[in-house]
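Counted the way full-length UniProt numbering counts, the sequence shown spans residues 1 to 365.
Before any comments, here is the structure.
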Amino acid sequence: DEVLSLMEANDNHAEEHTVAEFIEFCVNGRTDKSGEWTSKGVGKYLEGGKEAGGMLVDQRFCPRIVEGELRYNCVGPELVGIIHKKPKEGGISAVGGTGSIYTFYGPDEPKFKNLTDNFLKKDINHVMPSLGLSDEPIPLWWTTDFILASPEGTPAEEEKWIVGEFNCSCVGISKCLPAYCKDDTPNANWNDIPDEDKKEAMVYGDKMGVVGLDILTKAKWAWESSTLVDVSGLTRVAKDDLGLLKQPANPKFKTALVQIYVRSAPYGGSDKSSNGHRYDMVPFANGMINAGISCQPIHYVHEEHDKFFEVVKNFDALIVRCNPGQIKADGGSQEKFDNAMRAIKKSGIQVWPSPDVMEFMGAKD
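Quick look at the structure:
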């Protein structure tokens, strides 16, 4: 009967529930025993128990999160930008779309020099081995979020920063957030992004293209001139491909950008533009295209699982862009999807990021 004060990280709204109601919601979702929830989520975080991957994480709370966190945006091993993300007044989550304030800095910002030097010179080469991923490359696009854990007044050289999370799948390019649909912008699209922000987003995209080309060239040894993959047999989910460049006629390599559209969710999920693509699809795909690599945006629909994986066998690499829980929310099986992706990877096709990398670097149920 003890009462818990809870805050939803997706939107910073607060609720109070008894321990019993909280556990019921986490295991079974909304029932006559879970109380009244205003959360947009369905609960069931612990459904299936440990065997299904359900867990509660006892993570130290850093009270200085109210001052914000630092997000380090990386393409492969290169730091390309830093974002200071401050929660809205009274909140503890700086998730995009929650009213949080974003301040953008270059990778060489002097005020964060001590943290940056330690991260790039001492820590970054230990990230993958520390997560049991020594055989996996650093993700193509990934972030590290740091929260300051030291007391106020601590000298910069003595500050301790805690990694709140890694993210390598659902993490977006923040400059593209104006293209993201929410209640007050239901028709948001690529054209809503200011031109300067589009240019900066494409700096990231073009770097990904260069890194992707290097990885594929080393893996394939030689370029294979080829035509586009025929994806006409897959369900066409997106209304259009606004902002997407023309695919190269004879691509050096062939890639697909794999997305999930949740049919029961507003706008197709919390990461979508009004056309059904992820809000930051364009810089990812166009970066590859600018490097001479084709990049075809497609959607995984679980009812055509077998057909989907027959088609994607024809690509050289798959770029997976999936928010946590989206496959399950659309009625599919994350395990089935992951196992098929592992088989694809085993066949020699690159999967960025692979299911194992997603599991240990966040952004996946």
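Backbone N, C-alpha and C define an ideal beta-carbon position, used for all residues, glycine too.
Can you tell which of the options has the C-alpha that lies nearest to the C-alpha of residue i?
| i | options | result |
| --- | --- | --- |
| His299 | Ala291, Val127, Ile327, Gly29 | Ile327 |
| Ser37 | Glu47, Glu24, Lys313 | In the sequence as presented, Ser is not what sits at residue 37; that position holds Trp. Looking at the Cα atoms, Glu24 is the closest of the given residues. |
| Gly81 | Gly54, Pro63, Gly91, Trp142 | Trp142 |
| Val66 | Gly153, Ser100, Lys345, Gly48 | Ser100 |
| Ala201 | Val312, Phe315, Gly106 | Gly106 |
| Ser264 | Lys111, Gly331, Glu2, Gly43 | Gly331 |
| Val312 | Cys322, Asn286, Ile349 | Ile349 |
| Asn125 | Asp32, Phe112, Pro139 | Pro139 |
| Cys181 | Ile147, Tyr279, Ser347, Cys295 | Tyr279 |
| Lys122 | Pro77, Gly164, Leu56, His13 | Pro77 |
| Ala340 | Asn189, Asn314, Phe308 | Phe308 |
| Ile260 | Arg60, Pro297, Ser226 | Pro297 |
| Ser93 | His13, Ala343, Met128 | His13 |
| Ala291 | Pro87, Ala249, Asn323 | Ala249 |
| Asp206 | Asn286, His277, Ala219, Leu234 | Asn286 |
| Thr235 | Asp108, Arg60, His305, Lys44 | His305 |
| Thr57 | Cys322, Glu165, Thr103, Thr185 | In the sequence under discussion, the amino acid at residue 57 is Val, which differs from the Thr named in the question. The shortest C-alpha separation from Val57 is found at Glu165. |
| Ile293 | Lys336, Ser226, Ala343, His277 | Ser226 |
| Val229 | Asp184, Val163, Leu318, His277 | Leu318 |
| Val127 | Val95, Val163, Lys111, Pro151 | Val163 |
| Lys198 | Leu79, Cys322, Leu244 | Leu244 |
| Gly325 | Gly54, Glu21, Thr31 | Gly54 |
| His277 | Arg342, Leu177, Glu310 | Leu177 |
| Gly233 | Glu310, Pro129, Lys111 | Glu310 |
| Asp108 | Pro87, Glu47, Asn73 | Asn73 |
| Leu46 | Phe22, Arg60, Asp32, Gln59 | Phe22 |
| Lys345 | Pro151, Ser333, Asn314 | Asn314 |
| Asp295 | Asn323, Ala343, Cys322, Val231 | The amino acid occupying residue 295 in the given sequence is Cys; Asp does not appear at that position. Closest by alpha carbon: Val231. |
Can you tell me where the beta strand (DSSP E) with residue i in it begins and where it stops?
| i | result |
| --- | --- |
| Lys85 | 78-86 |
| residue 366 | The chain is shown only over 1 to 365; residue 366 falls outside these bounds and no answer can be derived. |
| Asp145 | 141-148 |
| Val237 | Val237 -> no beta strand (DSSP E), and no H or E assigned at all. |
| Trp352 | 350-352 |
| Met256 | The residue you asked about is not Met; residue 256 is Ala in the sequence shown. Where Ala256 is concerned, the enclosing beta strand (DSSP E) stretches over 254-260. |
| Arg71 | 69-75 |
| Thr31 | Where Thr31 is concerned, there is no enclosing beta strand (DSSP E), given that its DSSP letter is neither H nor E. |
| Thr103 | 101-105 |
Report yes if the CB atom of residue i is closer than 8 Å to the CB atom of residue j, and no otherwise.
| i | j | result |
| --- | --- | --- |
| Val27 | Leu4 | no |
| Leu242 | Asn187 | no |
| Glu51 | Asp145 | no |
| Asp356 | Leu133 | yes |
| Arg64 | Ile83 | no |
| Val351 | Val320 | yes |
| Asn275 | Lys246 | no |
| Ala179 | Ser273 | yes |
| Ser34 | Glu15 | no |
| Val75 | Val211 | yes |
| Glu136 | Ser354 | yes |
| Asn167 | Met7 | no |
| Cys62 | Ile193 | no |
| Ser169 | Met358 | yes |
| Lys220 | Asp117 | no |
| Val237 | Ala329 | no |
| Met208 | Phe284 | yes |
| Tyr102 | Lys113 | no |
| Leu79 | Leu120 | yes |
| Arg30 | Gly43 | yes |
Can you give me the start and stop residues for the alpha helix (DSSP H) that residue i sits inside?
| i | result |
| --- | --- |
| Pro355 | 355-360 |
| Asn114 | 113-118 |
| Cys26 | 19-28 |
| Ser5 | First-last for Ser5: 3-7, but that is the beta strand (DSSP E), not the alpha helix (DSSP H). |
| Ile215 | 195-220 |
| Val127 | 127-130 |
Would you say the region 250-258 touches the region 173-188, given that touching needs at least three Cβ pairs under 8 Å? no
For the region 156-169 against the region 260-279, are there 3 or more C-beta pairs whose distance is under 8 Å? no
Three or more C-beta pairs under 8 Å: does that hold for the region 198-218 against the region 256-266? no
Tell me the start and end of each unbroken alpha helix (DSSP H) in the region 271-345 that is at least 4 residues and wholly inside, in chain order. When DSSP assignments are scanned along the region 271-345, the uninterrupted stretches of alpha helix (DSSP H) that are 4 or more residues long and fall wholly within it turn out to be 281-290, 305-311, 326-329.
Secondary structure, beta strand (DSSP E): runs of 3+ residues fully inside the region 145-181: 161-167
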